[in-house]
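Participant:
Residue numbers (the working numbering), protein chains in the order written: chain B, 1 to 477; chain Y, 1001 to 1549.
Right, here's the structure in full:
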């Protein structure tokens, strides 16, 4: 009896295996297929902390999507949807599906993020035109009253950046929570300086009635969520950025925001393709971006350069560049939960699917190369503070060249650019119209004015040293 | 006579039934929108209460929610009919769920009995919500004080209270008036010859006398009265001067109809007539819900009845400025004319109605409390409450049976509020001769449990001086090209009202701009806020503040 059961089980398993193999074979894109996406990644297969093999598989899927030149078979283009992050219908379909200004403006993520490697930055030709996409969504001019022209950032080390932002957000929100608790128990207002990882974000006053005065916060949104992505610092997570960008630049609409749950339609952009990207597809893209090797500080082979760079590093600190471009920020954990803890509806959130996934960045080859402090925290060498600052003033106003604020952030306020990889990612400035490091330093106004003035006042040798130092911050192939 | 009325009702319902039979041969497929799981937790929440009584209490069954102790959690007062009105103080939290403790009402026991409905409104501008008790007999105003204390204020406010059987209430702050104007809707005059048929009481209109204290000594009669079961001050034409809309029960009136009174400051109210464009509508009007489904500034109204619910919108083809309404309930799939589940196909009996966004998808949903009057054989006996979820195509989808509110109870009044302040609207339904239902909103239903739903905002307005809670204000919440509109009102529903945070679902919008049209017509600047926050907007301040539970 047992024997018969075993035979049956073996036959069943064999049959199942054969069926699965057949299914996989049929799901794989045929060599002649004009679909760049192929089969979709199943989010339900991403459960708990992925093993190294699972993570590697997901990264490969993400890389394939990042470099895929999406086609109309996949759903590229958005004839009846605008670039807006909130699903928004056009009033009439566009005649041309591709348009360099409001988009859709590229075939693949890697069409722009490719310098010096895939996942890198883009030169001026890869600039994008950022508008909210609600009114005047179909602008056909680069006149800055309709859009902000932005250069392409790199995503190397982006997982570390998001993890830092998550920890900082948790810190700030804990400080607010503690202030409220204290105010409620004491019956008097409690003023708290917001500080996380050594970065000051102003102050809040918690009232005993539970109301918080936010008028003195600095460089962070009123919900105290650090949004580390985009030049403006208004995107909270790789996942949110990915969903936004897929729609904006490719007209590839992720179901987790543009699907029937939120729009009542499974083909919101009306291009004939339903559910263009699954939650799993977005997860693959997030996993690939989150696991990009961070830029490094190279040790030049030339002794002259080494000496200059060493001196330049000192100059960098002496004139106060490091007060915003902080050499490193400490990170406590390499555990990258996807979805993350601070996204809002429209970007997949925790507990929104049956299972949540965790990508352990410690499984990457580069993780062990990261320096740690005496407490074991990883020192992420990003040369940034994940804080927004005013970067233009009356005299030095070149970086205040935008006419449109973005998502509640004023036109002349930007997030500190992380300098890691800067030697590999010219041109510079948020518009990518500054060809040298010297130029971009000289146009730092506003909160950076003092350091900029000190730089200008330096002797030529010191300025050269500073540039030599910055030239060591590279993205390695 | 009564029989013929039933036949009329059944006939009307049959017409609707025939008209929609084809479309309803199969149960509609559930949309992918989130369907909230509403879990009944009355006992666990500590609320044991029933609305009871003979014929006079076939109607009524109200609930009022408002914060009576300054912690911003909505507390609860429930009408008991011949039983006592009860206060429940909210001890809920997001972590522990819904928890209430009985509160002490230190007022005359007789004032707390024979209560049909209750509405909270801060009459004397002292920062504490007062509660208007609608009674079979003398109405009572309970003046709210610190820490959920109340005292009868009829004498202090020179409020007579009358002797009628009161079943409806609404309040508004008229222009340059420091205290609210109150309207009371009365039902059958039981002492009139021939009662109950054709003997509806007049309604009562109370403007505060001039002075620095509320004084309601002078009452005006709103004649004719047609047995009002709900009333609301509504700015139907965006004039800035609200009119008084009343839904009436055709079961008892003769030659009556639905009514709307034009209420110009300083002038006696006057009825809108045929010459104004007002059309005769005869329904068993039980409850009014006002909601601006398309946020065009002209509200829609859901009027509950026996048989089908009316969903009225201002007729775009009518001459501008005339109150001509078109019923869009059928085209929007919101007739709710018979039970949507079970085998009872007789017409429904609708009571409390209210628009709210239960799943935070940014679209207004419509809740309707349902239940047989008592044992009317021509109407459904099993008559579950409706949860009509707004859809992106403008229609509604019935999700009561999926969400879990389809209990076999005779619903009457209700309040929809976020009692645990977790961002999701909860629901409390007062049932006739049955326990109150307390539904906690657990999130969107899935195969494996629940999931978080859309983004939301909850907004509190404050202004100094009169009308501290800004009754009559309009709140616009704009995200991208989408605008959501809410009004702060006192009245409507069925014998039930709430005062506190105004909840707005924002769907996938993570931020929004809020603009407020204050009751005197002044517009605020735009306030920039992030979703999933409790927002306090204080008149005159340039920034909104956040409040945290």
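Even glycine gets a Cβ: it sits at the ideal position worked out from N, Cα and C.
All figures in this text were calculated on a predicted structure; none of them were measured in a lab.
Quick one: Cα of residue 441(B) to Cα of residue 452(B), how far?
Facilitator: 6 angstroms
Participant: Is the shortest distance between the beta-carbon of residue 984(Y) and the beta-carbons of chain B less than 8 angstroms?
Facilitator: Examination of residue 984(Y) is not possible in this model, given that chain Y is present from 1001 through 1549 alone.
Participant: Rounded to a whole number of angstroms, what is the C-alpha to C-alpha distance between residue 1146(Y) and residue 1068(Y)?
Facilitator: 7 angstroms
Participant: Grab the span of the alpha helix (DSSP H) containing residue 456(B) for me, first residue to last.
Facilitator: First-last of the alpha helix (DSSP H) with residue 456(B): 449-457.
Participant: Quick one: what's got a C-beta closer than 8 angstroms to residue 419(B)'s C-beta in the same chain, skipping five residues either side?
Facilitator: In chain order, 325, 382, 383, 384, 470 and 473 place their CB closer than 8 angstroms to the CB of residue 419(B), counting only its own chain and leaving out the 5 sequence neighbours on each side.
Participant: My guess is that residue 1503(Y) and residue 1415(Y) are in contact by the Cβ rule of under 8 angstroms, so how many angstroms apart are they, rounded?
Facilitator: Here residue 1503(Y) is actually not in contact with residue 1415(Y); their C-beta atoms are around 12 angstroms apart, not less than 8 angstroms.
Participant: Please tell me whether residue 1181(Y) and residue 1207(Y) are closer than 8 angstroms, where the distance is taken between their beta carbons.
Facilitator: yes
Participant: In whole angstroms, what is the alpha-carbon distance linking residue 365(B) and residue 290(B)?
Facilitator: 13 angstroms
Participant: May I ask which residues mark the beginning and end of the beta strand (DSSP E) holding residue 89(B)?
Facilitator: Where residue 89(B) is concerned, there is no enclosing beta strand (DSSP E), given that its DSSP letter is neither H nor E.
Participant: Based on DSSP bridge pairs, tell me the residues matched to residue 1290(Y).
Facilitator: Residue 1290(Y) is bridged to 1301(Y).
Participant: What whole-angstrom Cβ distance do residue 1131(Y) and residue 1144(Y) have, given they're in contact under 8 angstroms?
Facilitator: 7 angstroms
Participant: Just verifying my parser: in three-state terms, what is the DSSP assignment at residue 63(B)?
Facilitator: helix
Participant: Grab the span of the alpha helix (DSSP H) containing residue 1401(Y) for me, first residue to last.
Facilitator: Its alpha helix (DSSP H) spans residues 1400-1403.
Participant: Kindly indicate which residue of 373(B), 359(B) and 449(B) has the alpha-carbon position closest to the one of residue 56(B).
Facilitator: Comparing alpha carbon positions, the residue from 373(B), 359(B) and 449(B) closest to residue 56(B) is 359(B).
Participant: Can the beta-carbon of residue 1431(Y) be found less than 8 angstroms from the beta-carbon of residue 1411(Y)?
Facilitator: A Cβ-Cβ contact shorter than 8 angstroms links residue 1431(Y) with residue 1411(Y).
Participant: Which residues, in chain order, does the stretch 202-219 of chain B contribute to contact with chain Y at a C-beta distance below 7 angstroms?
Facilitator: 210, 211, 212, 213, 214 and 215
Participant: If you draw a straight line from the alpha carbon of residue 1495(Y) to that of residue 1177(Y), how long is it in whole angstroms?
Facilitator: 25 angstroms
Participant: List, in order along the chain, the chain Y residues whose C-beta lies closer than 8 angstroms to that of residue 352(B)?
Facilitator: Per Cβ cutoff of 8 angstroms: 1451 and 1452.
Participant: Residues of chain Y with CB under 8 angstroms from residue 105(B), in chain order?
Facilitator: Those within 8 angstroms of residue 105(B) in chain Y number zero; the least Cβ separation is about 20 angstroms.
Participant: Where residue 1462(Y) and residue 1536(Y) are concerned, what is the direct C-alpha to C-alpha distance, given to the nearest angstrom?
Facilitator: 8 angstroms
Participant: Classify residue 1247(Y) as helix, strand or coil using the three-state DSSP reduction.
Facilitator: strand
Participant: Which residues in the same chain have their Cβ closer than 8 angstroms to the Cβ of residue 1523(Y), if we skip the five residues on either side of it in sequence?
Facilitator: 1515, 1516 and 1517
Participant: Indicate whether at least one CB of chain Y lies closer than 8 angstroms to the CB of residue 446(B).
Facilitator: With a threshold of 8 angstroms between beta carbons, residue 446(B) makes no contact with chain Y.
Participant: Could you confirm whether any beta carbon from chain B is found closer than 8 angstroms to the beta carbon of residue 1021(Y)?
Facilitator: Model confidence at residue 1021(Y) stands at a pLDDT of 48, short of 50, so the residue's coordinates are unreliable; what they give is reported in the following sentence. Chain B contact via Cβ: absent.
Participant: Taking C-alpha atoms, which residue in 288(B), 129(B), 130(B) and 146(B) lies nearest to residue 136(B)?
Facilitator: Cα-wise, what sits closest to residue 136(B) is 146(B).
Participant: If we count Cβ pairs, one from each stretch, closer than 8 angstroms, do we get three or more for the stretch 1287-1303 of chain Y versus the stretch 1240-1256 of chain Y?
Facilitator: yes
Participant: Applying a beta-carbon distance threshold of less than 8 angstroms, which residues of chain Y neighbour residue 78(B)?
Facilitator: The CB of residue 78(B) never comes closer than 8 angstroms to any CB in chain Y; the least such distance is about 15 angstroms.
Participant: Do residue 150(B) and residue 231(B) have their beta-carbon atoms positioned less than 8 angstroms apart in this structure?
Facilitator: yes
Participant: Check whether chain Y comes within 8 angstroms of residue 22(B), counting only Cβ atoms and requiring the distance to be less than that.
Facilitator: With a pLDDT of only 43 at residue 22(B), under 50, the local geometry of the prediction cannot be trusted, and no value is derived from it.
Participant: Kindly list, in the order they appear in chain B, the residues whose Cβ is closer than 7 angstroms to that of residue 1455(Y).
Facilitator: 344 and 345
Participant: Per DSSP, which one or two residues make a beta bridge with residue 1117(Y)?
Facilitator: 1134(Y)
Participant: Listing by chain order, which chain Y residues have their CB less than 8 angstroms from the CB of residue 180(B)?
Facilitator: Within chain Y, the C-beta atoms nearer than 8 angstroms to that of residue 180(B) come from 1548, in chain order.
Participant: Does any residue of chain Y have a CB that is nearer than 8 angstroms to the CB of residue 420(B)?
Facilitator: no
Participant: Going by other Cβ atoms of all chains shown within 10 Å of its Cβ, with 16 needed for buried, is residue 1292(Y) buried or exposed?
Facilitator: buried
Participant: What first and last residue would you give for the alpha helix (DSSP H) that runs through residue 159(B)?
Facilitator: 158-186
Participant: Using a C-beta cutoff of 8 angstroms, does residue 84(B) count as contacting chain Y?
Facilitator: yes
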